[in-house]
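Chemist: Going from the sequence shown to this note's numbering is simple: count from 1 and add 11.
First the structure, which I've put down as structure tokens, then a few questions once you've had a look.
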Amino acid sequence: MSLSSAISTALSGLNASQAGLDLVSRNIANANTAGYTRKVQQTTTQMAGSQGIGVSQLADTRLVNRHLLQQMRTESASTSFLSVYNNFLSQIDSSFGTPDSDSSISGAVSTFATKMQAVATTPDDDAARQALINSASTLASKLNSASTQVQNLRKQAEQSIADGVTQANSLMQSIAKLNTQIAQTKASGQSTGDLEDQRDAAINSLSNLMGVKTVERDDGTVAVFTTGGQLLVDNAAAQLSFDQHANLDAGSAYSTDPTKRSVGTITLSQGTTSVDLIASGAIQSGSIAAYIKLRDTDLPQAQNQLDELASQLALSLSSDTVSGTAVSSGGGAGFELDLSAFVSGNTTGATGTQVNFSYTDGTGTHNVSVVPVSDPSLLPLPNSATTNANDTVVGVYIDPNASASAQMASIVSALQAVLPPSLVVSNPSGNVLSIVDDGTSSATVNSASTNVVENADTLKDGLGSGLSLFVDGNGQKTYTGALGTPSQITGFAGRIQVNAAIANDTTSLVLYQTGADIGDDTRPNELLGRLTDTSRVYSSSTGIGSAATPYSGSIDAFARRVVSYQSSQATSANTDYTAQKATSDTLQSKFDSETGVSVDQEMSNLIVLQNAYAANARVISTIQELFQTLLSIGR
Numbered sequence: 012m013s014l015s016s017a018i019s020t021a022l023s024g025l026n027a028s029q030a031g032l033d034l035v036s037r038n039i040a041n042a043n044t045a046g047y048t049r050k051v052q053q054t055t056t057q058m059a060g061s062q063g064i065g066v067s068q069l070a071d072t073r074l075v076n077r078h079l080l081q082q083m084r085t086e087s088a089s090t091s092f093l094s095v096y097n098n099f100l101s102q103i104d105s106s107f108g109t110p111d112s113d114s115s116i117s118g119a120v121s122t123f124a125t126k127m128q129a130v131a132t133t134p135d136d137d138a139a140r141q142a143l144i145n146s147a148s149t150l151a152s153k154l155n156s157a158s159t160q161v162q163n164l165r166k167q168a169e170q171s172i173a174d175g176v177t178q179a180n181s182l183m184q185s186i187a188k189l190n191t192q193i194a195q196t197k198a199s200g201q202s203t204g205d206l207e208d209q210r211d212a213a214i215n216s217l218s219n220l221m222g223v224k225t226v227e228r229d230d231g232t233v234a235v236f237t238t239g240g241q242l243l244v245d246n247a248a249a250q251l252s253f254d255q256h257a258n259l260d261a262g263s264a265y266s267t268d269p270t271k272r273s274v275g276t277i278t279l280s281q282g283t284t285s286v287d288l289i290a291s292g293a294i295q296s297g298s299i300a301a302y303i304k305l306r307d308t309d310l311p312q313a314q315n316q317l318d319e320l321a322s323q324l325a326l327s328l329s330s331d332t333v334s335g336t337a338v339s340s341g342g343g344a345g346f347e348l349d350l351s352a353f354v355s356g357n358t359t360g361a362t363g364t365q366v367n368f369s370y371t372d373g374t375g376t377h378n379v380s381v382v383p384v385s386d387p388s389l390l391p392l393p394n395s396a397t398t399n400a401n402d403t404v405v406g407v408y409i410d411p412n413a414s415a416s417a418q419m420a421s422i423v424s425a426l427q428a429v430l431p432p433s434l435v436v437s438n439p440s441g442n443v444l445s446i447v448d449d450g451t452s453s454a455t456v457n458s459a460s461t462n463v464v465e466n467a468d469t470l471k472d473g474l475g476s477g478l479s480l481f482v483d484g485n486g487q488k489t490y491t492g493a494l495g496t497p498s499q500i501t502g503f504a505g506r507i508q509v510n511a512a513i514a515n516d517t518t519s520l521v522l523y524q525t526g527a528d529i530g531d532d533t534r535p536n537e538l539l540g541r542l543t544d545t546s547r548v549y550s551s552s553t554g555i556g557s558a559a560t561p562y563s564g565s566i567d568a569f570a571r572r573v574v575s576y577q578s579s580q581a582t583s584a585n586t587d588y589t590a591q592k593a594t595s596d597t598l599q600s601k602f603d604s605e606t607g608v609s610v611d612q613e614m615s616n617l618i619v620l621q622n623a624y625a626a627n628a629r630v631i632s633t634i635q636e637l638f639q640t641l642l643s644i645g646r
């Protein structure tokens, strides 16, 4: 071999060794940094140097199992979803307390019942009455605090969605930019490995936010879609926007109708096309999906549980059922009801909440509930407006500016529209409602009654033994659960307070009528029975029971079910997250084993390459000495 050929071979060897050292150093660096950058593949081409030294040329070929990579992204998105979900539900669980803890919401209800029992036992004991007021305040405070926590978490979810959208836009822009660079670099015949690594890392991060699928193009670019099928990135990136709402409360809700929506939605814009990603269900996994589900489903349900508990607690103590008076008319029979509590000019000291009656005709027995509303846009009311799964609900708008006679006419008209002709509904006088059959055998009125709530300022001489111990907010408003926009129950757990008039004069816990004795246990025993013994029916919006078979039980029993429900939800979320994380970690390990860097192997390659570099350098040094010798001979 000539000296010229030898030096050419040695220089080639130096260049190959230098390239190899560069790639090995990148692999080792990748192994020591976070991310999904993968090793390059080694392919060996023997090169004979002047000393017979061989070196390995390293081709920049990425070893990535695309199917495994997509599977890893899918599982990672699920893990991100469950991580957020588990975190939020554990906070709700902590706020509600554990089922067996005296400091939980259910524990506060039990303590309240115990203090009520003490007053029923010794009604003349001022200390026992004050202890009852204190326990009522503690219970109200726990409901307030839990409600505040729920709404704070909803606000946090709203903010996190906004932050996630900002991050997603940045990642999508990066992916689009890298797509362009990869296409250009590949077209020029250069290596795209590092660029593809960066793009994979960006796609992985995007998938953790919202879950994505990718489709590879022939030019080396990839198209990125949501798991619901919406295109996010191709030649260019789509743009996401989020109309964040800063002030969420218990009445804030998502709606596909922008005029009714009081929380933010995510809109994807691409050219002239825009899509509501929440309405279309395009975001199905990842942390953003978890925040959406929590904000719109799980946290509102938790609020519904608190509101229902607060509502039933207040109404169980304050509401009275007043039975109708049996009457006969024109050969027919039925009942008359005094609806003074339902109409303007009310002087009864109570507010009407519902009229209930039952009748039987040729098709069976029917239960009817007449419910007044303050917003006519709510009509007609669905049968789900009451917790009774077997009643027909008749909503009636009570115009506060109309006269009592006009309001009574509205009630009569609404009933006549839904009842069979064999039942006669009328307003014979004043505020009296009459419901009788027409004297034939085709229909019979079985019963009729009104539900009324003793007003907050009516501490004695009401329609019954009820007492508004709990009121609505700082304004000490009587709580009736009135339907409206929003309904009074919405967010009530955050506003429930002890009636200040009763707290200032605890004798009203006992003295239910003029002339009653402070030692009379009638009212406290009545209130205790309503709290612990009376079975009440609860709304299926709480997730406890269903519309067809709603949960029924005492206030104490329902409180325990609410706390147990949240505890169970938190436990399930934690179990699911732990299992899902194990799955993701297993896939990650498998992916790393197939595509990751072995530091030991790379260090071995490094030694070989260093030796090859040194050997080729020695060849060049020797050739230089030979040239100098030849030149000296010539002189």
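C-beta atoms are modelled at their ideal positions from N, C-alpha and C, and glycine is treated no differently.
What residue range does the beta strand (DSSP E) around His377 cover?
Modeler: Residues 375–384.
Chemist: Could you tell me whether the Cβ atoms of Ala504 and Gln314 are closer together than 9 Å?
Modeler: Contact flag set, yes.
Chemist: Which term fits Glu537, buried or exposed, when burial requires 16 or more other beta carbons within 10 angstroms of its beta carbon?
Modeler: Buried is the call here.
Chemist: With DSSP as the reference, please indicate the residues paired to Val164 in a beta bridge.
Modeler: The question names Val, but residue 164 is Leu in the sequence shown. Beta-bridge pairing links Leu164 to no other residue.
Chemist: In this structure, how does DSSP classify Ser643 when only helix, strand and coil are distinguished?
Modeler: Looking at Ser643 - three-state DSSP - the assignment turns out to be helix.
Chemist: Among residues of its own chain, excluding the 5 on either side of Ser340, which ones have a beta-carbon nearer than 8 Å to its beta-carbon?
Modeler: Excluding residues within five positions, the ones whose Cβ falls inside 8 Å are Val435, Ser445, Val447.
Chemist: With burial defined as no fewer than 16 other Cβ atoms inside 10 Å of the residue's Cβ, what is the status of Asn466: buried or exposed?
Modeler: That one is buried.
Chemist: Between the beta-carbon of Arg272 and the beta-carbon of Arg165, is there less than 9 Å?
Modeler: Not a contact, by the Cβ cut-off of 9 Å.
Chemist: Please work out which residues of its chain come closer than 7 Å, Cβ to Cβ, to Asp587, disregarding the five sequence neighbours upstream and downstream, and give them in chain order.
Modeler: Leu93.
Chemist: Here's a check: name, in chain order, each residue in its chain whose Cβ is nearer than 6 Å to the Cβ of Gln281, leaving out the five neighbours to either side.
Modeler: Closer than 6 Å at Cβ, skipping near neighbours: Ala249.
Chemist: Could I get the ranges of all uninterrupted alpha helix (DSSP H) runs contained in the segment 407–462, with 4 residues as the minimum, in chain order?
Modeler: You should have 415–429.
Chemist: The beta strand (DSSP E) with Gly363 in it runs from where to where?
Modeler: Taken as a continuous stretch (DSSP letters only), the beta strand (DSSP E) holding Gly363 covers 361–372.
Chemist: Would the C-beta of Lys224 count as close to the ligand FMN, meaning under 8 Å from any of its heavy atoms?
Modeler: This structure does not include the ligand FMN; it has no bound ligands of any sort.
Chemist: For Gly222, does the three-state DSSP call read helix, strand or coil?
Modeler: Coil, per DSSP.
Chemist: Please classify Ala344: does DSSP put it in a helix, a strand, or coil?
Modeler: It is a strand residue.
Chemist: Quick check: what's the CA-CA separation for Ser67 versus Ala625?
Modeler: Caution applies to Ser67, whose pLDDT of 44 falls short of 50 and renders its modelled position unreliable; the value that the coordinates give is listed next. So the two alpha carbons sit approximately 14 Å from each other.
Chemist: Less than 9 Å between the beta carbons of Leu150 and Thr122, yes or no?
Modeler: Yes, the pair counts as a contact, with Cβ atoms nearer than the cut-off.
Chemist: Buried or exposed, going by whether 16 or more other CB atoms sit within 10 Å of the CB of Val226?
Modeler: Under this definition Val226 is an exposed residue.
Chemist: Using the C-alpha atoms, what's the distance from Ser575 back to Thr332?
Modeler: Distance between the alpha carbons of Thr332 and Ser575: 31 Å.
Chemist: Does the beta-carbon of Ala590 have 16 or more other beta-carbons within 10 angstroms, so that it is buried, or is it exposed?
Modeler: With fewer than 16 Cβ atoms within 10 Å of its Cβ, Ala590 is classed as exposed.
Chemist: Can you tell me where the alpha helix (DSSP H) with Asp318 in it begins and where it stops?
Modeler: Here the alpha helix (DSSP H) through Asp318 covers 310–329.
Chemist: Mapping the DSSP letters down to three states, classify Ser105 as helix, strand or coil.
Modeler: The answer is helix: DSSP assigns Ser105 an H, G or I state.
Chemist: Would you identify the three-state DSSP class for Arg272, choosing helix, strand or coil?
Modeler: Coil at Arg272, not helix or strand.
Chemist: Could you compute how far the alpha carbon of Thr496 sits from the alpha carbon of Asp386?
Modeler: Rounded to the nearest angstrom, the two C-alpha atoms are 7 Å apart.
Chemist: For the beta strand (DSSP E) holding Ser280, just list the boundary residues, first then last.
Modeler: Its beta strand (DSSP E) spans residues 277–281.
Chemist: What are the boundary residues of the alpha helix (DSSP H) that Ser121 is part of?
Modeler: Element bounds for Ser121: 116–132.
Chemist: Between the beta-carbon of Ser563 and the beta-carbon of Gly556, is there less than 9 Å?
Modeler: In contact: Ser563 and Gly556 (Cβ atoms closer than 9 Å).
Chemist: Just confirm the distance between the C-beta atoms of Ser330 and Val463, as a whole number of angstroms; I'd bet it's less than 8 Å.
Modeler: About 7 Å separates the two Cβ atoms, so the contact holds.
Chemist: Whole angstroms are fine: how far does the CA of Asp208 sit from the CA of Arg84?
Modeler: Distance between the alpha carbons of Arg84 and Asp208 is about 15 Å.
Chemist: Over what stretch of residues does the beta strand (DSSP E) that includes Leu494 continue unbroken?
Modeler: Taken as a continuous stretch (DSSP letters only), Leu494 belongs to no beta strand (DSSP E), as it is neither H nor E.
Chemist: Tell me, which residues are paired with Asp287 by DSSP?
Modeler: According to DSSP, which records beta bridges pairwise, Asp287 is partnered with Thr278.
Chemist: By Cβ distance below 6 Å, which residues in the same chain neighbour Ala581 in space, the five residues on each side in sequence not counted?
Modeler: Only Leu100, Ser101, Asp104 meet the Cβ criterion.
Chemist: Measure how close the beta-carbons of Ala159 and Asn190 come, nearest whole angstrom, since I'm counting them as under 8 Å.
Modeler: Just to set this straight, residue 159 is Thr in the shown sequence, not Ala. Actually they do not touch by this definition, with Cβ atoms about 46 Å apart.
Chemist: Count Cβ pairs between the segment 464–484 and the segment 370–383 that sit closer than 8 Å; are there 3 or more?
Modeler: No, the segment 464–484 does not touch the segment 370–383.
Chemist: For Val176 and Ser298, I'd like the C-alpha separation in whole angstroms.
Modeler: Those two C-alpha atoms are separated by around 11 Å.
Chemist: Give the DSSP-derived three-state secondary structure of Val176 in the structure shown.
Modeler: Val176: helix per DSSP, three-state reduction.
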